[in-house]
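The structure under discussion appears below in the form of C-alpha cells.
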Amino acid sequence: MIGLLKKTKEISVRFNSWIETPVDPRAISAFRLWFGFLFLVNFSLLWPDMEMWFSNSGVLPPGVHKSITDGFRLNIYLITGYNDIAIILMKILGLAGGLGLFFGVFPRFSAACAWAVASSYSWRNAAVLHSGDNLIRIGCFFLMFAKSGQRYSLISFWKGKAYSKTSAEAVGRIPAWPQRILQIQLCIVYLAAGLWKFKGEPWRDGTAVGTVLQLGDFERFPIPDFIATPAVSALLTYFTLCFELAFPFLVWFAPFRRGVLVTGILLHAGLEWMMNVQMFQWVIASYYILFFEFNSNSKNKESF
Amino acid sequence: MLRSVSRFLRSRWRVLIVTGYVIAVCASSLPGDFLPIKAPINALTARILVAANLWQSWDMFAPSPRSDDIKFSYIYQLADGTRTEVSVTDMVSMPYFERWQKERWRKFFNDHLRTDAEAYLWSPYVNYVVKDLRSKSIEPVQIELVRYWRAAETPINPSLRASKRSTPWMKYMFYRWRSSESQR
Chain G
90 MIGLLKKTKE ISVRFNSWIE TPVDPRAISA FRLWFGFLFL VNFSLLWPDM EMWFSNSGVL
150 PPGVHKSITD GFRLNIYLIT GYNDIAIILM KILGLAGGLG LFFGVFPRFS AACAWAVASS
210 YSWRNAAVLH SGDNLIRIGC FFLMFAKSGQ RYSLISFWKG KAYSKTSAEA VGRIPAWPQR
270 ILQIQLCIVY LAAGLWKFKG EPWRDGTAVG TVLQLGDFER FPIPDFIATP AVSALLTYFT
330 LCFELAFPFL VWFAPFRRGV LVTGILLHAG LEWMMNVQMF QWVIASYYIL FFEFNSNSKN
390 KESF
Chain R
701 MLRSVSRFLR SRWRVLIVTG YVIAVCASSL PGDFLPIKAP INALTARILV AANLWQSWDM
761 FAPSPRSDDI KFSYIYQLAD GTRTEVSVTD MVSMPYFERW QKERWRKFFN DHLRTDAEAY
821 LWSPYVNYVV KDLRSKSIEP VQIELVRYWR AAETPINPSL RASKRSTPWM KYMFYRWRSS
881 ESQR
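Sequence order for the protein chains is G and R.
The end of the first sequence is residue 393 by my numbering, with every number in the run present.
The end of the second sequence is residue 884 by my numbering, with every number in the run present.
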C-alpha cells in the first residue's frame with residue numbers, strides 16, 4: 090500500500106514537472122506555421138460557399154437554425170445577431186488569423202481571430218463540418234495561450250534567429266502547457282476513434298475498410314487492385330484499429346516515438362490518397378509536429 | 701487554509717487546467733462503455749466545453765461505417781413541362797478537385813438534408829434553389845428533391861468499387877414544391 094502511494098506520488102510529481110517545465114519553442118512555432126497554412130487552405134475551400142451555408146438567405150435560415158440550436162457558445166454571431174455582416178467579418182478575421190498564424194505576426198491575436206471564425210461557422214451550420222474543423226477549432230483555441238511566435242515567424246526572421254540551429258537553452262524556453270494539452274488532445278482523438286471503432290462489428294470482423302473503399306462518397310484516386318480485396322482490407326482494418334488504440338500510449342516512450350509518428354504519417358498519407366476526406370488527414374498530421382524535439386546538440390535520448 | 705489553497709492554485713493552475721481539460725474531453729468523446737463515470741462528469745463540464753467551442757466527437761466510420769452509396773438531386777420543372785435533373789452530390793462523377801472541394805456538400809446533403817430526421821431542411825433548401833434559378837432567369841413551377849441509394853456489395857472486389865460497378869440505384873422523391881401559380 091505504501092509502495093503504491095509512493096508510486097502515485099512519483100507519477101504525480103513527474104506529471105507536474107512535465108506540464109510546468111518550460112519547453113523549446115521550436116515545436117509549437119513550427120506547428121503554428123504549418124497549422125496557419127492549413128487553416129488558410131481549409132478556409133479557402135469554404136470561402137466560395139459561405140453565403141450558401143451561413144447567410145440568412147442560404148440553406149439554413151435563422152428561423153430553422155434557432156429551432157435546432159441550444160446552449161451558449163462564444164462566436165461572432167453573439168455580436169452581430171443573425172446578420173450577414175457576420176460572413177464579411179468571418180472572411181476578414183479568417184484571412185487575418187490564417188496569415189497571422191502562418192507568418193507568426195501577433196500569433197496569439199491571430200489564433201483568437203481564427204478560433205472566432207472557426208467557432209462561428211461551426212455554430213451557424215454544424216451540418217457542413219468535417220472532423221478537420223474540430224481539430225482546427227481546438228488548435229486555434231490553445232494557440233491563443235502559446236508563445237508560438239518565438240521561432241519561424243517574421244519577427245524572429247528579422248531578428249535573425251528564425252531558423253538557427255542552436256540548443257534549446259540558447260533559443261530560450263516557453264511555457265509548456267499549451268503544447269502538452271495539444272499533444273494529449275491528439276492522443277484522445279486516436280483513443281476515442283479507436284474505442285468507437287472497436288464497438289462496431291465491421292471493425293472486429295475486418296470488413297470495415299473494405300466497405301468504406303466500396304463507397305462512392307469517399308472514393309478518391311485510383312488504388313491498386315490488390316488493396317480492394319478481402320484479405321488486404323481486413324489487414325488495413327485491423328492495422329487502423331491497432332494503430333489508433335496504440336498511438337496514445339506508445340508515442341510517450343522515446344524508443345517508439347519515431348516509429349509511431351512515421352507509421353501515422355504513412356497511414357494518413359495512404360488515407361489521403363485513397364479517401365475523399367477533405368482536410369482531416371493534413372490537420373491531424375500537423376499535430377505530430379508537437380512531438381518533434383529539436384535539440385540538435387542534446388544528449389537527451391528523447392531527441393527526435 | 702485559504703492562503704494555502706490560493707498558493708496551491710497559483711502554483712499549480714497549469715496542471716489543473718490540463719488535468720481538467722483531459723477529464724472533460726475524455727468524458728465527452730470516449731464511449732460510455734469504456735468510461736462508466738462519463739455522465740456525471742459531462743453534467744459538470746459539457747456546457748463549458750460547448751461554450752468555449754471545444755466540443756468534439758471522434759466516431760468517424762464508427763461503430764459501423766455506412767454501407768450504402770448515396771447521392772442527391774433536385775428536378776425542376778418549367779411551365780411548358782420540361783423537366784431538368786440537377787445532380788448535387790454524385791461524388792464519383794465529379795473531377796478529383798471538385799470532389800475534394802465539395803466535401804462539405806456531401807456532408808450537408810448526403811448526411812443531413814437527405815434524411816427524414818432532418819426534414820426541416822427541405823423547405824429552406826428548395827427556397828434557396830428557387831432563388832438561385834430565378835437569378836439565372838429560370839422560372840420553375842415545380843421542384844422535387846430526390847435521393848438515390850444502392851448497397852455497397854461485399855465482399856470487397858476491385859470491380860465493385862463505386863466508380864466501376866453497375867448496380868442499379870434505388871430512387872425516392874421525398875419532397876415536392878409547387879409554385880403558387882401552378883397550384884391555382
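Glycine included, each C-beta is placed from N, C-alpha and C at the ideal position.
Chain R beta carbons: is any one of them nearer than 8 Å to that of Phe-161(G)?
Cβ-Cβ to chain R under 8 Å: yes for Phe-161(G).
Evaluate contact between the stretch 849 to 862 of chain R and the stretch 833 to 840 of chain R, counting only Cβ atoms and requiring at least three cross-stretch pairs below 8 Å.
The stretch 849 to 862 of chain R, when compared against the stretch 833 to 840 of chain R, does not touch it at the 8 Å Cβ threshold.
Please classify Asp-769(R) as buried or exposed, where buried requires at least 16 neighbouring CB atoms within 10 angstroms.
Per the 10 Å Cβ criterion, buried.
To the nearest angstrom, how far is the alpha carbon of Val-750(R) from that of Thr-300(G)?
The straight-line gap from Cα to Cα measures roughly 33 Å.
Residue closest to Trp-713(R), alpha-carbon to alpha-carbon, out of Gly-125(G), Ile-108(G), Val-349(G), Leu-94(G)
Scanning Gly-125(G), Ile-108(G), Val-349(G), Leu-94(G) for the CA closest to the CA of Trp-713(R) turns up Ile-108(G).
Between Gly-187(G) and the rest of its own chain, which residues show a CB-CB distance below 7 Å, the 5 nearest in sequence each way excluded?
Cβ neighbours of Gly-187(G) beyond the five flanking positions: Gly-125, Phe-128, Leu-129, Phe-132, Ala-203.
Can you give the beta carbon distance from Val-349(G) to Phe-336(G), rounded, assuming they're within the 8 Å contact cut?
Right, their Cβ atoms sit about 6 Å apart.
What does Arg-878(R) reach in chain G if we use C-beta pairs closer than 9 Å?
What Arg-878(R) touches in chain G: nothing, since even the nearest Cβ is about 20 Å away.
Could you tell me which of Gly-92(G), Leu-324(G), Glu-308(G) sits nearest to Phe-315(G), measuring between CA atoms?
From the listed residues Gly-92(G), Leu-324(G), Glu-308(G), the smallest Cα separation to Phe-315(G) is found for Leu-324(G).
Determine, using beta carbons only, whether Thr-326(G) and Trp-292(G) come nearer to each other than 8 Å.
It is a contact, given that the beta carbons lie within the stated cut-off.
Count the other CB atoms, across all protein chains shown, that sit within 10 Å of the CB of Trp-362(G); report buried if there are 16 or more and exposed otherwise.
When all chains shown are included, Trp-362(G) counts as exposed.
For Ser-767(R), the nearest candidate out of Ser-879(R), Ala-862(R), Tyr-875(R), Met-873(R) (CA to CA)
It is Ala-862(R).
When you compare the CB positions of Ala-216(G) and Lys-831(R), do they come within less than 8 Å of one another, or not?
For the 8 Å CB-CB criterion, Ala-216(G) and Lys-831(R) do not form a contact.
Per DSSP, Ile-244(G) forms a beta bridge with which residues?
For Ile-244(G), DSSP records no beta bridge to any residue.
Compute the Euclidean distance between the alpha carbons of Phe-381(G) and Met-179(G), then round it to the nearest angstrom.
Cα-Cα distance, rounded: 32 Å.
Leu-833(R) and Phe-874(R) closer than 8 Å at C-beta:
Leu-833(R) is not a Cβ neighbour of Phe-874(R), given a cutoff of 8 Å.
Touch check for the stretch 229 to 244 of chain G and the stretch 112 to 122 of chain G: three-plus C-beta pairs under 8 Å?
Yes: at least three Cβ pairs fall under 8 Å.
Between the Cα of Trp-266(G) and the Cα atoms of Thr-719(R), Phe-734(R), Ser-704(R), Met-870(R), which residue gives the shortest distance?
Checking every option, the nearest Cα to that of Trp-266(G) belongs to Thr-719(R).
CA-CA distance, Met-139(G) and Ile-176(G)?
Their backbone Cα atoms lie some 7 Å apart in a straight line.
Which of helix, strand or coil DSSP assigns to Leu-149(G)
In this structure, Leu-149(G) counts as coil in the three-state DSSP scheme.
Mind checking if Leu-167(G) is an interface residue toward chain R, Cβ cutoff 8 Å exclusive?
At a cut-off of 8 Å, the C-beta of Leu-167(G) has no neighbouring C-beta in chain R.
So, at 7 Å on beta carbons, what are the nonlocal neighbours of Leu-218(G) in its own chain, with the 5 sequence-adjacent residues on each side left out?
The residues are Ser-211.
Name the DSSP bridge partner or partners of Ala-851(R)?
According to the DSSP secondary-structure assignment, Ala-851(R) is paired through a beta bridge with Asp-768(R).
Do you know how far the Cα of Ile-378(G) is from the Cα of Ser-392(G)?
Low confidence applies to Ser-392(G): its pLDDT is 39, below 50, so where it sits in the model is not reliable enough to give any reading.
Measuring alpha carbon to alpha carbon, tell me which residue in Trp-758(R), Ile-856(R), Glu-881(R) is nearest Ala-281(G).
Nearest option by C-alpha distance: Trp-758(R).
Would you give the residue range spanned by the alpha helix (DSSP H) that Glu-99(G) belongs to?
Taken as a continuous stretch (DSSP letters only), the alpha helix (DSSP H) holding Glu-99(G) covers 91 to 109.
Is Phe-161(G) helix, strand or coil when you go by DSSP?
DSSP places Phe-161(G) in coil when its eight states are reduced to three.
Ser-879(R) (DSSP reduced to helix, strand or coil)
In the structure shown, Ser-879(R) sits in coil (DSSP, three-state: anything other than H, G, I, E or B).
Expressed to the nearest angstrom, what Euclidean distance is found between the alpha-carbon atoms of Ser-245(G) and Leu-182(G)?
One alpha carbon belongs to Ser-245(G), the other to Leu-182(G), and they sit about 24 Å apart.
Count the other CB atoms within 10 Å of the CB of Asn-389(G); is the residue buried (16 or more) or exposed (fewer)?
Unreliable positioning characterises Asn-389(G) in this predicted model, as indicated by a pLDDT of 43, which lies under 50. The coordinate reading is nonetheless provided below. Within a 10 Å sphere around the beta-carbon of Asn-389(G) sit fewer than 16 other beta-carbons, which makes this residue exposed.
Where Ser-387(G) and Ser-866(R) are concerned, what is the direct C-alpha to C-alpha distance, given to the nearest angstrom?
Confidence at Ser-387(G) is low in this model, with a pLDDT of 47, below 50, so the placement of that residue should be treated as unreliable; the coordinate-derived value is given next. For the pair Ser-387(G) and Ser-866(R), the Cα-to-Cα distance works out to about 60 Å.
Would the beta-carbon of Trp-800(R) fall within 8 Å of that of Gln-367(G)?
The beta carbons of Trp-800(R) and Gln-367(G) sit closer together than 8 Å.
Contacts that Leu-860(R) makes with chain G (C-beta to C-beta distance below 7 Å):
Counting only Cβ-Cβ distances below 7 Å, Leu-860(R) has contacts in chain G at Gln-303, in chain order.
Residues of chain G with a CB under 7 Å from the CB of Tyr-721(R): which are they?
Taking a Cβ-Cβ threshold of 7 Å, the residues of chain G close to Tyr-721(R) are Ile-270, in chain order.
Return the CA-CA distance between Leu-94(G) and Phe-332(G), expressed in angstroms with no decimal places.
Going by the C-alpha atoms only, they are around 32 Å apart.
List in chain order: all unbroken alpha helix (DSSP H) runs of 4+ residues lying wholly within the stretch 770 to 849 of chain R.
Restricted to the stretch 770 to 849 of chain R, the alpha helix (DSSP H) segments that are unbroken, complete and at least 4 residues in length are 796 to 801, 822 to 835, listed in chain order.
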